[in-house]
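Residue numbers (the numbering used here): 408 to 541.
Just so you know, even glycine gets a beta-carbon here, dropped at the ideal spot from N, CA and C.
Next comes the structure, spelled out in structure tokens:
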């Protein structure tokens, strides 16, 4: 089961954070087809968000074909976004974990690592190959 964490100061609406966390869990294999998501009431109790916020997120996930709402039974995952390259035992994931541990050992903070990663990601995937400025 996924445990949602809402970052209130991020500027990202809570429902979008829930959608993103479900998508991320699907990509990483933490959620799989047939898994049941927590109820809106459970999410509200855990995160202190309005249950309607969770329902909005679940509706968006349903529109994108990732979940199915079964009346009286709950909300269930209908497909995965995981690939072999994102699995826990993937060589790519292992090398990335090694790199992050090395960066931490070199004194970089979580924010430093996140910024470096995000900047490099943006440069790598910039349209037309030109580095994107953040």
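- Task: Measure from the alpha carbon of residue 433 to the alpha carbon of each residue in 458, 471, 463 and 484, then state which is nearest.
- Result: Residue 433 has its Cα closest to that of 484, out of 458, 471, 463 and 484.
- Output yes or no for whether 9 Å exceeds the beta carbon distance between residue 430 and residue 486. Cβ distance not < 9 Å, so residue 430 and residue 486 don't count as in contact.
- According to DSSP, is residue 538 helix, strand or coil? Annotation note: pLDDT 46 at residue 538 (below 50); position unreliable, no value reported.
- Message: Using beta carbons (cut-off 9 Å, strictly below), is residue 409 in contact with chain D?
- Response: Note that chain D does not occur in the displayed structure, where there is just one protein chain.
- Task: Throw me the rounded Cβ distance for the residue 408 and residue 493 pair, which I believe falls under 8 Å.
- Result: Their Cβ separation, rounded to whole angstroms, is 19 Å, which puts residue 408 and residue 493 out of contact at 8 Å.
- Could you check if residue 424 is buried or exposed, using at least 16 other CB atoms within 10 Å of its CB as the buried criterion? That one is buried.
- Taking the alpha-carbon positions, what's the residue 501 to residue 468 distance? Rounded to the nearest angstrom, the gap between the Cα atoms of residue 501 and residue 468 is 29 Å.
- Alpha carbon to alpha carbon, what distance is there between residue 520 and residue 510? About 7 Å.
- Counting only runs of 3+ residues fully inside the stretch 435 to 477, write out the beta strand (DSSP E) ranges in chain order. For the stretch 435 to 477, whole beta strand (DSSP E) runs of length 3 or above, ordered along the chain, are 474 to 477.
- Message: Restricting to runs no shorter than 4 residues, where is the alpha helix (DSSP H) found entirely within the stretch 476 to 519?
- Response: Within the stretch 476 to 519, the complete alpha helix (DSSP H) segments at least 4 residues long are 498 to 512, listed from N- to C-terminus.
- Should the stretch 412 to 423 be called in touch with the stretch 457 to 471, which here means at least 3 C-beta pairs below 8 Å? The stretch 412 to 423 is in contact with the stretch 457 to 471.
- Message: My output table needs one value for residue 530: the three-state DSSP class, helix, strand or coil.
- Response: Per DSSP, reduced to three states, the secondary structure at residue 530 is helical.
- Query: Is the Cβ-Cβ distance between residue 503 and residue 488 less than 9 Å?
  - Reply: Their beta carbons are not under 9 Å apart, which means residue 503 does not touch residue 488 by this criterion.
- Please classify residue 415: does DSSP put it in a helix, a strand, or coil? Here residue 415 sits in coil by DSSP.
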